[in-house]
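Enquirer: Pasting a structure here, questions to come.
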Amino acid sequence: MPRFAANLSMMYQEYAFLDRFFPAVDDGFKGVEFLFPYEFSIAEVALKKNDSGLNVALFNAPPGDWSAGERGIASLPGRQDEFKRSLDTALEYSSALGNSRLHVMAGLLEPGADRAAHRAVYLENLAYAAQQAAPLGLTIVIEPINVRDIPGFFLNRQDEAHAICREVGATNLKVQFDFYHCQITEGDLATTLRQYIESVGHIQIASVPDRHEPDEGEVNFAYLMKLVDELGYHGWVGAEYRPRGKTSEGLGWLRAWE
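Here it is, written out as structure tokens:
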């Protein structure tokens, strides 16, 4: 079965963030991912990562003003210099944490905004990010996100995301395939994964519709994880869900798939 990485931003909420690494180890995870490490110094996060022996699979570049509702700045006209500075920050963390994937969030498209202008900025910023990340052996990933969870998010569909990657043309720019978001937006998960697997750079899972453990709801994850193996995907699968209770008590799905 695939290699699973615990998402430390959503799982193990019963602990402070820096205290979540070792419970993940105790539960058998070999890798972790998280949204944003920037509240903590590079040294603090690197110490936890190194002491725990965990691999950091992925985290996100700074998203703008998250508390004010921003959800990324990569597609926002007039923010290109800020995007470059934020990328510099993310790459400093990547150099210390050794993650192989960095997620760059597209941002919101406000009502009445010029989508073509946003798309042009997005491609420009993604080309820059991929170029800057290449010397670190780092792959930039972009993620289609459903508009139920994030209304107005710029990028929503797998086909559009893969088209953008082809247009940019960087070998280290790929798509994050989140089964939760894809099911809500477009469904047809197995066929879509088969179609685009060659340019999928990271996978994430959570139940639909409630975003809990992947052992309930409308998606057959046991079937999909077998398909992931059959298609030759060797990357991490991030468990990006909100546990129904204490994280460790809800890991029956992981035990069943080991």
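Residue numbering for the sequence shown follows full-length UniProt numbering, beginning at 1 and increasing consecutively. Glycine residues also receive a C-beta, built at the ideal position from the N, C-alpha and C atoms. These numbers come from a predicted model, not from an experiment.
If we call anything under 9 Å between Cβ atoms a contact, is P144 one with A170?
Expert: Not in contact: P144 and A170 (Cβ atoms no closer than 9 Å).
Enquirer: My understanding is that Q176 touches H202, with C-beta atoms under 8 Å, so please give their C-beta distance in whole angstroms.
Expert: Their Cβ separation, rounded to whole angstroms, is 5 Å, which keeps Q176 and H202 in contact under 8 Å.
Enquirer: Out of L224, P23, E186, Y241, state which residue places its alpha-carbon closest to the alpha-carbon of D210.
Expert: Considering only alpha carbons, the answer is Y241.
Enquirer: Spatial neighbours of A90 within its chain, please: C-beta separation below 7 Å, excluding the five flanking residues on both sides.
Expert: Around A90: A61, P62, L102.
Enquirer: Starting from G252, trace the alpha helix (DSSP H) in both directions and tell me its first and last residue.
Expert: Run containing G252: 252-257, per the alpha helix (DSSP H) assignment.
Enquirer: Here's a check: name, in chain order, each residue in its chain whose Cβ is nearer than 6 Å to the Cβ of A6, leaving out the five neighbours to either side.
Expert: The residues are A24, F29, V32, A239.
Enquirer: Look up H181 in the DSSP assignment and say whether it is helix, strand or coil.
Expert: Helix at H181.
Enquirer: Please report the Cβ distance between Y180 and P2, rounded to the nearest whole angstrom; I am assuming they are in contact, meaning their Cβ atoms lie under 8 Å.
Expert: Actually they are not in contact, since the Cβ atoms of Y180 and P2 sit about 16 Å apart, beyond 8 Å.
Enquirer: Which first and last residues belong to the beta strand (DSSP E) in which G60 is found?
Expert: A small fix is needed here, since residue 60 is Asn in this sequence, not Gly. From DSSP, the beta strand (DSSP E) with N60 extends over 55-60.
Enquirer: Using 9 Å as the threshold, is the C-beta distance between I42 and L87 below it?
Expert: No.
Enquirer: Please report how far the alpha carbon of F59 lies from the alpha carbon of Y38, in whole angstroms.
Expert: Distance between the alpha carbons of F59 and Y38: 10 Å.
Enquirer: Buried or exposed: which applies to R71, given that a residue is buried once 16 or more other Cβ atoms fall within 10 Å of its Cβ?
Expert: So R71 ends up on the buried side.
Enquirer: Starting from G238, follow its DSSP beta bridges and name the residues at the other end.
Expert: According to DSSP, which records beta bridges pairwise, G238 is partnered with A5, Q204.
Enquirer: Do C165 and S199 have their C-beta atoms within less than 9 Å of each other?
Expert: Result yes, Cβ atoms of C165 and S199 sit closer than 9 Å.
Enquirer: Rounded to whole angstroms, what's the CA-CA distance from T192 to D51? Just pull it up for me.
Expert: Cα-Cα distance, rounded: 39 Å.
Enquirer: Could you tell me how far apart the beta carbons of G252 and D215 are, in whole angstroms, since I believe they sit closer than 8 Å?
Expert: Their Cβ separation, rounded to whole angstroms, is 6 Å, which keeps G252 and D215 in contact under 8 Å.
Enquirer: Along the beta strand (DSSP E) that carries E143, what are the first and last residues, could you check?
Expert: Careful: E143 lies outside any beta strand (DSSP E) and carries neither H nor E.
Enquirer: What are the start and end residues of the beta strand (DSSP E) that includes R115?
Expert: Per DSSP, R115 belongs to no beta strand (DSSP E); it is in the alpha helix (DSSP H), 115-133.
Enquirer: Between R194 and P77, what straight-line distance do the alpha-carbon atoms span, to the nearest angstrom?
Expert: Distance between the alpha carbons of R194 and P77: 34 Å.
Enquirer: Confirm, please, whether the CB-CB distance from N125 to A74 is below 9 Å.
Expert: Yes, these two residues count as a Cβ contact at 9 Å.
Enquirer: How far does the beta strand (DSSP E) with R101 in it reach, from first residue to last?
Expert: Unbroken beta strand (DSSP E) run through R101: 101-103.
Enquirer: Between the beta-carbon of W257 and the beta-carbon of A57, is there less than 9 Å?
Expert: No; because the gap between Cβ atoms is not below 9 Å, this pair is not in contact.
Enquirer: Determine the closest residue to I142 out of D178, F221, K48, D188, with distance taken between C-alpha atoms.
Expert: Of the listed residues, the one whose Cα sits closest to I142 is D178.
Enquirer: List the endpoints of the continuous alpha helix (DSSP H) containing E44.
Expert: That run of the alpha helix (DSSP H) goes 42-52.
Enquirer: Which residues mark the beginning and the end of the beta strand (DSSP E) in which V32 is found?
Expert: From DSSP, the beta strand (DSSP E) with V32 extends over 31-33.
Enquirer: Quick one, which of E186, F153, I205, I197 has its alpha-carbon nearest F4's?
Expert: Taking only the C-alpha atoms, the option nearest F4 is I205.
Enquirer: Cβ of N172 within 9 Å of Cβ of L138?
Expert: Yes, the Cβ-Cβ distance between N172 and L138 is below 9 Å.
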